[in-house]
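So the protein sequences, as listed, match chains A and B.
Heads up: the first sequence at position 34 corresponds to 22 in this note's numbering, and the numbers run straight through without jumps.
Each number in this note's numbering comes from the position in the second sequence (counting from 1) with 1463 added on.
We treat Cβ as the ideally placed atom computed from N, Cα and C, and that holds for glycine.
Take a look at the structure set out below.
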Amino acid sequence: MAKIKGTILVDIDKCKGCELCVVACPSNVIKLASDVNGKGYHFAYMEIPDACTGCVNCALVCPDSVITVHRLRPKSVQTV
Amino acid sequence: MENTITAQDIIRDGELVFKKTACLTDNVLSYCPGCGHGVAHRILMEVIDEMGIQSQTIGVSPVGCSVLAYDFMNIDMQGAAHGRAPAVATGIKRVFPNKFVFTYQGDGDLAAIGTAETIHACNRGENIVIIFINNGIYGMTGGQMAPTTLPNMKSSTTPYGRDVKMMGHPIKMTEIVATLPGTCFVTRQAVHTPAAVNRSKKAIRKAFENQKLNKGLSFIEIVSNCNSGWKMTPVKSNKWMEENMFPYYPLGDIKDL
Ligand code: SF4
Ligand code: SF4
C-alpha cells in the first residue's frame, strides 16, 4: 500500500542535541549521533528514514528550529 | 517500489511542510539545549509572519535569559529595564496605537521586580500582548528561587527546598491578572509537546487578533522548563514539569471575553 513519505533535514551545526525531537517522533525515526558537531553536541539524524511520514512533530518541538520537513504523497492518495 | 523513494525524491517531488520562519533571524539562540524559550520565540514569530505584520510589530524584551530576544526576533524591538517591559510597551502603544506591541518576559522579570508594572498595565487594560514564560526559577543568574518556585522545590538559594512558611507561596500571576477588568484574554499554555505547541500558537494568534480589535490586554503564560537550573536533561525536565508544575499551574484558558 502506498503511504505518505516524509524526510527531515537537520541543520547539524546548529542542533544542540537536546533529544526533544527524538521523543516527539511517533515513528521513532530520529536518534542522536555518536559523533558530535562543532559545538560538541550529539546532533540529531534520521536513523530509520523509511519510517518518516513528514508529520512535522519533531520540527514543532525543536527549540532551535533546525529541522526542515518535506512530505510526498503517493499519486494514489494525492487529492486534486 | 516504495522503498526506492529517496530523501532527494521527496524533497524534489514533494511539498515543503515545515521550515523556520523568516521572522526569526539566523543567529544561534543563546538558550540551553531543550529550553522552551526557543519554541516560544518561534511560534510568536510564526504568528507575526502569518498575520503579515512583521513591519508593524514592536516587541519589548525583558531582563533574564531572554534579554537578547531582539537578536533572535526579526522585528523592531526595545529593551526595557528589569520588570518594566509592560510600562515601556504602554508608552510605545500609546504613541503608535496602530502598531502591534507585545512584551516577552520571564517569571523573575514579570512576577518579581515587575509585579507592579504588570498588574497596573493589566488593570489599565493597555491594548498590548504580554507573553509570560514561567519556569519557576531565575535561569540566567544561576537558578535562584523565583516568586514562582514550587513549594519544596530546590534552587541554588533554597538548597533544602522552598519553605513556604519562610518564603511564601508561589505566586499565580495569571490568576491574579484574570481578576482585573482590563484583561480580555488570559490563558496558561505550554510548549513541550507538538499538541501543546499548536495550542500555544493558537492562543498567541488570538491575543494579536484581540489587539487588532482593541479589546484590551491579552496575557499568555507559557509554563516552561529550565533544565540547567533544575539540573535535569531536557527530556526529564519536561516530564518533571508535567508532574510537578502543571498541578500547581494548570493549563487552559482562565478568561476569554
Ligand atoms: S516528520 Fe514526523 S515522522 Fe518524520 S522524523 Fe519528524 S516526527 Fe518523525
Ligand atoms: S530538537 Fe532540535 S536541537 Fe534538539 S536534538 Fe532535535 S534537532 Fe537538535
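Contact belief for residue i with residue j at Cβ below 8 Å, rounded distance in angstroms
i, j, result
"Phe31(A)", "Val10(A)", "Not confirmed; about 11 Å, so no contact."
"Thr1637(B)", "Ile1717(B)", "6 Å"
"Leu1479(B)", "His58(A)", "6 Å"
"Val1523(B)", "Thr1488(B)", "Between Thr1488(B) and Val1523(B) the Cβ distance is about 17 Å, and since that is not below 8 Å, they are no contact."
"Ile1591(B)", "Lys1556(B)", "5 Å"
"Thr1656(B)", "Ala12(A)", "7 Å"
"Arg1651(B)", "Val1686(B)", "6 Å"
"Ile36(A)", "Val17(A)", "5 Å"
"Asn1688(B)", "Cys1647(B)", "Between Cys1647(B) and Asn1688(B) the Cβ distance is about 29 Å, and since that is not below 8 Å, they are no contact."
Residue i, buried or exposed, once every other Cβ within 10 Å from all chains shown has been counted against 16
i, result
"Arg1505(B)", "buried"
"Ile1521(B)", "buried"
"Gln1440(B)", "The structure shown does not extend to residue 1440(B), since chain B is modelled only from 1464 through 1720, so no value can be given for it."
"Asp1(A)", "exposed"
"Lys1483(B)", "buried"
"Arg1625(B)", "buried"
"Leu8(A)", "buried"
"Arg1475(B)", "exposed"
"Lys1664(B)", "buried"
"Val1564(B)", "buried"
"Tyr1494(B)", "buried"
Rounded C-alpha distance that separates residue i from residue j
i, j, result
"Val1558(B)", "Val1640(B)", "24 Å"
"Val68(A)", "His1583(B)", "With a pLDDT of 44 at Val68(A), under the threshold of 50, the modelled position of that residue is not reliable, and the figure given next carries that caveat. Going by the C-alpha atoms only, they are around 54 Å apart."
"Val1502(B)", "Val1660(B)", "8 Å"
"Gly1599(B)", "Lys1628(B)", "18 Å"
"Gly1588(B)", "His1545(B)", "21 Å"
"Asn1677(B)", "Ile1683(B)", "17 Å"
"Gly(-6)(A)", "Phe1535(B)", "29 Å"
"Met1630(B)", "Glu1513(B)", "43 Å"
"Gly1730(B)", "Asp1719(B)", "The requested residue 1730(B) does not occur in the structure, where chain B is confined to residues 1464 to 1720."
"Ser1691(B)", "Pro1614(B)", "19 Å"
"Glu1705(B)", "Ala1552(B)", "32 Å"
"His1500(B)", "Ser1529(B)", "8 Å"
"Thr1467(B)", "Gly1497(B)", "34 Å"
"Phe1709(B)", "Pro14(A)", "23 Å"
"Gly1542(B)", "Leu1492(B)", "17 Å"
"Val49(A)", "Asn1597(B)", "17 Å"
"Leu1531(B)", "Ile1594(B)", "15 Å"
"Gly26(A)", "Ile1667(B)", "35 Å"
"Tyr1533(B)", "Asn1490(B)", "11 Å"
"Tyr1711(B)", "Ala1550(B)", "28 Å"
Pair within 9 Å by beta-carbon distance, residue i and residue j
i, j, result
"Asp1572(B)", "Val1526(B)", "yes"
"Ser1681(B)", "Lys1694(B)", "no"
"Asn1537(B)", "Ala1485(B)", "yes"
"Pro51(A)", "Lys4(A)", "yes"
"Ala1548(B)", "Glu1580(B)", "yes"
"Leu1507(B)", "Cys1585(B)", "no"
"Ile1516(B)", "Ala1574(B)", "no"
"Cys43(A)", "Ile55(A)", "no"
"Thr1620(B)", "Met1603(B)", "no"
"Gly1477(B)", "Arg61(A)", "yes"
"Met1616(B)", "Asn1707(B)", "yes"
Could you name the residues whose beta carbon sits closer than 7 Å to any heavy atom belonging to ligand 2, keeping them in chain order? Val(-2)(A), Cys3(A), Lys4(A), Gly5(A), Cys6(A), Glu7(A), Leu8(A), Cys9(A), Val10(A), Ile18(A), Leu20(A), Phe31(A), Ala32(A), Cys46(A), Val49(A), Cys50(A), Pro51(A), Asp52(A), Val54(A), Ile55(A), Pro1496(B), Gly1497(B)
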